[in-house]
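Asker:
Protein chains: 4
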Amino acid sequence: MNEGRTGVWFVGARGSVATTATVGIAALAEGLAEPVGLTTAGPAFEVVELPGFADLVVGGHDVDDTPLEERARRLAAGGMLPSRLVEAVAPRLHEADAALRPLTREPEGSQHDEIERRAADIRDFRDAHGLARVVVVDVASTEPLPADRPEFHDRAALDVALADPSARVLPSSTLSALAAVAGARAPYACFTPSLSLGIPALADLASASGVPVAGQDGKTGETLLRTVLAPMFTARGMRVRSWAGANLLGGGDGATLADPEAVRSKLVSKNRGLHDLLGDDVVAPLHIDNVPDLGDLKTAWDHVHAEGFLDTHITLQTTWSAYDSTLAAPLVIDLVRLLSLADAAGIAGPVPELGYFFKDPWGSDEHSFARQADELVSWALRTALRRSAAPVA
Amino acid sequence: MNEGRTGVWFVGARGSVATTATVGIAALAEGLAEPVGLTTAGPAFEVVELPGFADLVVGGHDVDDTPLEERARRLAAGGMLPSRLVEAVAPRLHEADAALRPLTREPEGSQHDEIERRAADIRDFRDAHGLARVVVVDVASTEPLPADRPEFHDRAALDVALADPSARVLPSSTLSALAAVAGARAPYACFTPSLSLGIPALADLASASGVPVAGQDGKTGETLLRTVLAPMFTARGMRVRSWAGANLLGGGDGATLADPEAVRSKLVSKNRGLHDLLGDDVVAPLHIDNVPDLGDLKTAWDHVHAEGFLDTHITLQTTWSAYDSTLAAPLVIDLVRLLSLADAAGIAGPVPELGYFFKDPWGSDEHSFARQADELVSWALRTALRRSAAPVA
Amino acid sequence: MNEGRTGVWFVGARGSVATTATVGIAALAEGLAEPVGLTTAGPAFEVVELPGFADLVVGGHDVDDTPLEERARRLAAGGMLPSRLVEAVAPRLHEADAALRPLTREPEGSQHDEIERRAADIRDFRDAHGLARVVVVDVASTEPLPADRPEFHDRAALDVALADPSARVLPSSTLSALAAVAGARAPYACFTPSLSLGIPALADLASASGVPVAGQDGKTGETLLRTVLAPMFTARGMRVRSWAGANLLGGGDGATLADPEAVRSKLVSKNRGLHDLLGDDVVAPLHIDNVPDLGDLKTAWDHVHAEGFLDTHITLQTTWSAYDSTLAAPLVIDLVRLLSLADAAGIAGPVPELGYFFKDPWGSDEHSFARQADELVSWALRTALRRSAAPVA
Amino acid sequence: MNEGRTGVWFVGARGSVATTATVGIAALAEGLAEPVGLTTAGPAFEVVELPGFADLVVGGHDVDDTPLEERARRLAAGGMLPSRLVEAVAPRLHEADAALRPLTREPEGSQHDEIERRAADIRDFRDAHGLARVVVVDVASTEPLPADRPEFHDRAALDVALADPSARVLPSSTLSALAAVAGARAPYACFTPSLSLGIPALADLASASGVPVAGQDGKTGETLLRTVLAPMFTARGMRVRSWAGANLLGGGDGATLADPEAVRSKLVSKNRGLHDLLGDDVVAPLHIDNVPDLGDLKTAWDHVHAEGFLDTHITLQTTWSAYDSTLAAPLVIDLVRLLSLADAAGIAGPVPELGYFFKDPWGSDEHSFARQADELVSWALRTALRRSAAPVA
Ligand SMILES: NC(=O)c1ccc[n+]([C@@H]2O[C@H](COP(=O)([O-])OP(=O)(O)OC[C@H]3O[C@@H](n4cnc5c(N)ncnc54)[C@H](O)[C@@H]3O)[C@@H](O)[C@H]2O)c1
Ligand SMILES: NC(=O)c1ccc[n+]([C@@H]2O[C@H](COP(=O)([O-])OP(=O)(O)OC[C@H]3O[C@@H](n4cnc5c(N)ncnc54)[C@H](O)[C@@H]3O)[C@@H](O)[C@H]2O)c1
Ligand SMILES: NC(=O)c1ccc[n+]([C@@H]2O[C@H](COP(=O)([O-])OP(=O)(O)OC[C@H]3O[C@@H](n4cnc5c(N)ncnc54)[C@H](O)[C@@H]3O)[C@@H](O)[C@H]2O)c1
Ligand SMILES: NC(=O)c1ccc[n+]([C@@H]2O[C@H](COP(=O)([O-])OP(=O)(O)OC[C@H]3O[C@@H](n4cnc5c(N)ncnc54)[C@H](O)[C@@H]3O)[C@@H](O)[C@H]2O)c1
Ligand code: NA
Ligand code: NA
């Protein structure tokens, strides 16, 4: 798209996923890396015009203040990133660092004010860099899911509470989503299982704001594998009886998920696709354990037991092992490119076809990876045509 | 299809796959088993009229003469089949046994005569039971692949050689295929990696004979898994560098494949889909070991190494463990039902959409399981419509 | 030992382990099975005189009243036992069933009375069958561990509470242990992780009663493997950093352990050896999941991460899959034979060398399987010598 | 041992194992690494006086001439060694490089002359550095095993052939072994499965020369695991029926073993312990595949099938993954230290207790790892006592 540069605004910009994505964008922009791991770099997308890597500009929010270069070096020391690459893109990391804005964990004043502050940061970033648009991606730490409350079901009541300086009604992920979608009219992707826009009172927010949104909770490792494998059993008429999973990981995400509150939203999100594809009777115990010595290398073991013809038993075990953030980062870049296209083509509201990237797809019940892949490609082609037919935004 | 009963003629009728299928057909016919493991019993096929299980009649050829009941009891003792089921269907096995005809390993006279004898057996079976049609399925032991020869490329020369009582130009699988397709005008499926119709001089045989055929080499375990998983890596832009496999099995197939000649055709067939889906550069060592103590329970371990974003390494291990013949038998029944439909709808020649069932699909280069599944369903719907529009065959 | 028959009294006599052991004893006695899986049938024990299989007589307690034959048939249906064997020994199962005595879950009167009733059952069994001795083995369902209380540390206070008809101070496992050791002067083995004799006030009970005891919690699958593998890492100077485990099982034990209270004692017991062998710093998350569709076939996955020379990383994964009760039953028979020998040789108190059979060995801190095996053999030889030197008991 | 410095002479000094060991010795000497992975650094050896790491001096032979630093940097790039460590010890690598002497693949003159040249290099190294002794360790590429020949059984005939300038009777590994043992009276360890001293005519060479020797073929990964696990099955009376193995590796060793000739000696050596521990009936298919993209990270999958009580089936799968040379290097250092002790204590000939380190132990039939570990410790204690009693060598 020859219409100028596109901003990428990370919520959780100093985290493992965001840092990896930032290093990756820099490396791709400088031709130091090939776009391996990106869906949008595949042959099916060749005719779809998307923002070039060199046209992406990174900014973002974080509650932490570790410099991006330092964060990247730590990831390199842990084996996540090649050291030589981090050093080669250090100047770009330094530049991106300057575009990051701090968040406070317990902001003062009303939550409405906090939303407005966050939105202003995004708008300032867009203006300062003269960007065509800014895509906001939430890659902050997974939050505990809050209990339901009346304000979640009543927009007016919610607005009252948001304006009340003493009330704390929304979690941070929702504040950021509101800042992006309503406050800055920015396309938005939720890569985490946090609450974000998942409350009834905000169901129409994105459509009303005229921006495309996509979510939620990136589908990268074990869950990806499950939504690839489960349809095989179904197509072949085998009855999956149980699908057990054990996840071992260290790193930042490991530490966060060691908290039994935070892990709950993740577990629900991880098992959603399985039950959707195989039915609710499947016994599906699932564990995530924090194993600090494994660092960012995540290992997942799954054990599937299915019943086949004439009472036969089929067992399948899978062990998947990968650095999680290098799986997530290219998806984040894909999302930025595709939401940018969607926005340019005038699409608003949740984009079901981006469900391909998520454990818990907004606007869609399709979890089968192969079908999602087909839907994504055909959506991208349709949208590119629509966009090229449309006057430049 | 309300047009009478359908014959199932197994080449290798006393083997593990055929015996399991015969027990299965009997159990389904008597309502003693549910159609678990059958693709054609799935919801997508609900509106497609296919031969009912009680309308299938089993016959076949084998070089061995162990009674079917005995063979079934041995499979039950080895854990492949439930004993109570075998006992419950023993009368039907006895009946099927009476419809089996012997083959000699080294038949006398010309190969043309042998083809004619085999065809006559099939025609007699059809007549004796008043069957609408007979579908022939080759589930005999895997043969060594013969070396190429001029007659394979020249139909006239081939016919001369076949008529020569002293010449032995075709392997048994091709004799049976000719008997079915040309000699008995019977729809035919090749479930093995043997030569069968895979010679240039016979490329048009099925179309010319007006019968549908499908092949080859049933896709049941490790290979099924590979063609489900490989497209995931491709869609996500990851580069698979190596895909190693180790297969352990005992039983009849294990003993056959312990022969380095026989195993060659199997190995080629098994790796075809992988290279087609991932390119020829993938390092793909593959072993099949005869481990008699494992009996019919086959265990396959695969190790996949892929390269992802920013030089990251992804490894995936899978261990699949199942009784091979209970995976194969429902596919054989699916094939009989679908080839019966194809024949009734007037389809002739290789049916590419049946590639879903095979490691090395005839008439198609599509190996991605998910795409094959979509193509199969849509083909079945189209063919059922065509069939219902056509006058009864 | 030519001194007459030996009784085996199972607490939990209708459970999976006890039923399997009872079937096994019958099959061994009738020469229908070989002593595969028995340590005491190995060459190292050839010169050690132990009770013959045909000289073992089974009795026991259970709160359930399902007939033994029915229980055995259910196990056979689930794949645990060969059906033909169960049928072949049905008369012996019927006989054993007649020797079983019921327990009530909530017995009336004082706990002292209940102990006395249980002891009387054991003594009656000994007298009725004219047995040289009765070895009691606790294979009842795992109990939740009770909270500590003053009576556990003060024998006098304990006796007072036991005599009080309204007090309930001890769990059932301890009542049975007291019945065996103090009430019936019977050698006793605790195959479960329940409280049993594990309270300070009973530390000297066995020595004082003059009977040998052994415990606790049979070491059969994953834990066995761990105590075999951990010493390898230690010997080679590698530093194990984490050892994660996932256990999947159905059956009776699966259902019991689905209770978070009951599973706690099991988890503690399972990890004891690991920490003892590798130190307390090893990160060792461990899960047991109830997966009913897997029945009695237990599958355990372990992931070990160790640090080696020059910061190298070593990972080892193991997947162990077996029918748990067929692993446990031969150990139970070994224990009966060896405790019988110990008793005949006049040994009293916990026998540390029987730690070989347990996750949490009484009287010993040795968890290394290889060392335990050496200690066991040498103890058996010493005890057999001592016994042959002693006058017949 | 306070008697001066000890030389380490590597045959194959520029290979992966030797380079890793050389980096490791340097790092240990400078206190940059802890002795993780060394058996001799364990508490059992605390009272045994062994050469200190700073007292080891490295030299050696190789047919290749890549500088050691470059070789080490390549290993670091492949993930085998930490880059910072390689850089930190670069000066020491440079020093060691200067002590390396070239070998030619096809040396001119008689083989006797070649032996003498190699011996002279070792002696010169000892003199130049004023070393108490030099321990020679063969870590060269695995050779194809030569066919048997009369000279292997007749020392006189062998000597005649060695003196004949046109005869080529011994492989390089045997030439190096003769150079070390007979030519330089140096203690010698054979870490490879090559022929080395394994010919009848040289059976007494080491004893006659008065030097201790140890071999053969380092036991580091899959084989180590097997000799740890197999004794468990035996002790518990389970009958192992099959033990299948698949090994995937790249790197130098992977390339060498891709040669079907070279791999044969390795396969024989790998399976020796298994058959010795479990009997010859165990079905044990074993494969080693060269998978270049895996580099030096070796992955081995084993599948064990055992029969237990009452016809139960037990399966165990293990996946071991590690950088092979970092497993081997500490063993090489252990061997140098222990052979140095043996030599100082006046021990000559094959040392059976060093079988702990080898797949195919010289002078011993013991393959059980636990027993070997016990024997090693007790031998080291005995030898240290003997040494301290002896006058300084
Ligand atoms: N494969 C994957 O890595 C993957 C897949 C799916 C989802 N996710 C999700 O992505 C998120 C990021 O994962 P990660 O590995 O980068 O975690 P991380 O812990 O490394 O990074 C999270 C970052 O968010 C920051 N943060 C915390 N609270 C914040 C707030 N209220 N506002 C702004 N920033 C905040 C933290 O300071 C940190 O820098 C997690 O929620 C994770 O569940 C990751
Ligand atoms: N999952 C699966 O089981 C699976 C998958 C793909 C392909 N296959 C193929 O199916 C075939 C059958 O497998 P199986 O396990 O039943 O093997 P099997 O050895 O149990 O049975 C083969 C039968 O073929 C008979 N036979 C041998 N030569 C014959 C000939 N010339 N004519 C007629 N019969 C002959 C044998 O006597 C035997 O009864 C094999 O070729 C196998 O490779 C099986
Ligand atoms: N490999 C193994 O199977 C293994 C290994 C170690 C320990 N164990 C332990 O052995 C025990 C038995 O295992 P299982 O698989 O046979 O379980 P199970 O559930 O099949 O059998 C337990 C039996 O105990 C009976 N019972 C319950 N409460 C009782 C009481 N108070 N008094 C007498 N009987 C009582 C039940 O009715 C049942 O018949 C469990 O505690 C288990 O943890 C088993
Ligand atoms: N875990 C392990 O790494 C392990 C375990 C057991 C045995 N081994 C054995 O150790 C040996 C070395 O393994 P590696 O990974 O270092 O292999 P490598 O290929 O990296 O190194 C072998 C070295 O030997 C040199 N060489 C070849 N022929 C020679 C000759 N005739 N004389 C002197 N040098 C020669 C080569 O140039 C090379 O530098 C192999 O035989 C291997 O089988 C290794
Ligand atoms: Na959805
Ligand atoms: Na030996």
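Going down the list, the sequences are from chains A, B, C and D. With UniProt numbering as the guide, the letters of the first sequence map in order to residues 1 to 393. With UniProt numbering as the guide, the letters of the second sequence map in order to residues 1 to 393. With UniProt numbering as the guide, the letters of the third sequence map in order to residues 1 to 393. With UniProt numbering as the guide, the letters of the fourth sequence map in order to residues 1 to 393. We treat Cβ as the ideally placed atom computed from N, Cα and C, and that holds for glycine.
Output the distance between the C-alpha atoms of Thr220 of chain B and Val351 of chain B, rounded to the nearest integer angstrom.
Answerer: The straight-line gap from Cα to Cα measures roughly 19 Å.
Asker: How would you list, in chain order, the residues of chain D whose beta-carbon sits under 9 Å from the beta-carbon of Ala262 of chain B?
Answerer: None at all; the shortest Cβ gap to chain D is about 16 Å.
Asker: Given 6 Å as the limit, tell me if Gly52 of chain B has its C-beta closer than that to any heavy atom belonging to ligand 8.
Answerer: Looking for ligand 8 in the displayed structure turns up nothing; the ligands present are ligand 1, ligand 2, ligand 3, ligand 4, ligand 5 and ligand 6.
Asker: What residues from chain D crowd round Arg241 of chain B, counting only those whose CB sits closer than 9 Å?
Answerer: Per Cβ cutoff of 9 Å: Val291, Pro292, Asp293 and Leu294.
Asker: Could you compute how far the alpha carbon of Ile314 of chain B sits from the alpha carbon of Trp301 of chain B?
Answerer: For Ile314 of chain B and Trp301 of chain B, the distance between alpha carbons rounds to 17 Å.
Asker: Kindly list the residues whose CB is nearer than 7 Å to the CB of Thr66 of chain C, restricted to its own chain and excluding five residues on each side of it in sequence; keep chain order.
Answerer: Arg14, listed in sequence order.
Asker: Beta-carbon of His303 of chain D versus every beta-carbon of chain B: anything under 7 Å?
Answerer: It does; some Cβ of chain B falls within 7 Å.
Asker: Per DSSP, Asn290 of chain D is paired with what?
Answerer: Answer by DSSP bridge pairing, in chain order: D:Leu249.
Asker: Pick helix, strand or coil for Phe53 of chain A, following the three-state DSSP scheme.
Answerer: Helix, per DSSP.
Asker: Please classify Val282 of chain C as buried or exposed, where buried requires at least 16 other C-beta atoms within 10 Å of its C-beta.
Answerer: Buried: at least 16 other Cβ atoms inside 10 Å.
Asker: Identify each residue in the region 209 to 233 of chain C for which the Cβ-Cβ distance to at least one residue of chain D is less than 8 Å, and report them in chain order.
Answerer: Residues Leu224, Leu225, Val228, Leu229, Pro231 and Met232.
Asker: Is Phe191 of chain B close to ligand 2? I mean its beta-carbon at under 6 Å from any heavy atom of the ligand.
Answerer: It does: the Cβ of Phe191 of chain B is within 6 Å (strictly closer) of some heavy atom of ligand 2.
Asker: State the start and end residues of the unbroken beta strand (DSSP E) segment that holds Leu316 of chain B.
Answerer: Per DSSP, Leu316 of chain B belongs to the beta strand (DSSP E) from His313 to Tyr323.
Asker: Considering Thr6 of chain D, what are the terminal residues of the alpha helix (DSSP H) in which it resides?
Answerer: Premise fails: Thr6 of chain D lies in the beta strand (DSSP E), Thr6 to Val11, not in any alpha helix (DSSP H).
Asker: Suppose you measure from the CA of Leu56 of chain B to the CA of Ala373 of chain A; what does that come to, to the nearest Å?
Answerer: Straight-line Cα distance between these residues: approximately 39 Å.
Asker: Considering only their Cβ atoms, is the gap separating Ile288 of chain B from Leu257 of chain B smaller than 7 Å?
Answerer: It is a contact, given that the beta carbons lie within the stated cut-off.
Asker: I need the boundaries of the beta strand (DSSP E) containing Arg133 of chain A, first residue and last residue.
Answerer: Looking at the DSSP string, the run of the beta strand (DSSP E) that includes Arg133 of chain A is Arg133 to Asp138.
Asker: Give the straight-line distance between the Cα atoms of Pro171 of chain C and Ala29 of chain C, rounded to the nearest whole angstrom.
Answerer: Whole-angstrom Cα-Cα distance: 35 Å.
Asker: Strictly below 7 Å CB to CB, what residues from chain C border Gln317 of chain A?
Answerer: Neighbours of Gln317 of chain A on chain C, chain order: Thr319.
Asker: Which of helix, strand or coil does DSSP assign to Phe152 of chain B?
Answerer: Helix, per DSSP.
Asker: Does the CB of Val36 of chain C have a neighbour CB from chain D at under 7 Å?
Answerer: It does; some Cβ of chain D falls within 7 Å.
Asker: Going straight from the alpha carbon of Gly252 of chain C to that of Thr22 of chain C, what length do you get?
Answerer: Those two C-alpha atoms are separated by around 17 Å.
Asker: Taking only runs of the alpha helix (DSSP H) that begin and end inside the region 224 to 280 of chain B, which ones reach a length of at least 4 residues, in chain order?
Answerer: Entirely contained in the region 224 to 280 of chain B, the alpha helix (DSSP H) runs reaching 4 residues are, in chain order, 251 to 257 and 260 to 278.
Asker: Could you check if Ala214 of chain C belongs to the surroundings of ligand 3, using beta carbon to heavy atom distance under 6 Å?
Answerer: It does not: the Cβ of Ala214 of chain C is nowhere closer than 6 Å to a heavy atom of ligand 3.
Asker: Give the list of continuous alpha helix (DSSP H) stretches no shorter than 4 residues that lie fully inside the region 23 to 94 of chain A.
Answerer: You should have 68 to 77 and 83 to 88.
Asker: For Pro350 of chain A, does the three-state DSSP call read helix, strand or coil?
Answerer: Note: Pro350 of chain A maps to strand in three-state DSSP.
Asker: Could you name the residues of the same chain whose beta carbon sits closer than 6 Å to that of residue 424 of chain B, not counting the 5 residues immediately before and after it, in chain order?
Answerer: The structure shown has nothing for residue 424 of chain B, since chain B only spans 1 to 393.
Asker: Tell me, please, whether the region 130 to 141 of chain C touches the region 338 to 347 of chain C by the rule of three or more beta-carbon pairs shorter than 8 Å.
Answerer: Yes: the two stretches touch, three or more of their Cβ pairs being nearer than 8 Å.
Asker: Hey, out of B:Gly24, B:Glu114 and B:Val47, whose CA is closest to Val36 of chain B's CA?
Answerer: That would be B:Gly24, whose Cα lies nearest to the Cα of Val36 of chain B.
Asker: Going by DSSP, what residue range makes up the alpha helix (DSSP H) through Arg371 of chain D?
Answerer: Element bounds for Arg371 of chain D: Phe369 to Ala389.
Asker: Enumerated in chain order, which unbroken segments of the beta strand (DSSP E) with a length of 3 residues or greater are wholly contained in the region 160 to 200 of chain C?
Answerer: Counting only runs of 3 or more, we get 188 to 190.
Asker: Compute the minimum distance between the beta carbon of Leu103 of chain D and the heavy atoms of ligand 4, and state whether it is under 6 Å.
Answerer: Flag set: Cβ of Leu103 of chain D near ligand 4.
Asker: Per DSSP, what kind of secondary structure is Asn2 of chain B in: helix, strand or coil?
Answerer: Caution is warranted here: a pLDDT of 47 is assigned to Asn2 of chain B, below 50, making its placement in the model unreliable, and the coordinate value is therefore given only provisionally. Three-state result, Asn2 of chain B: coil.
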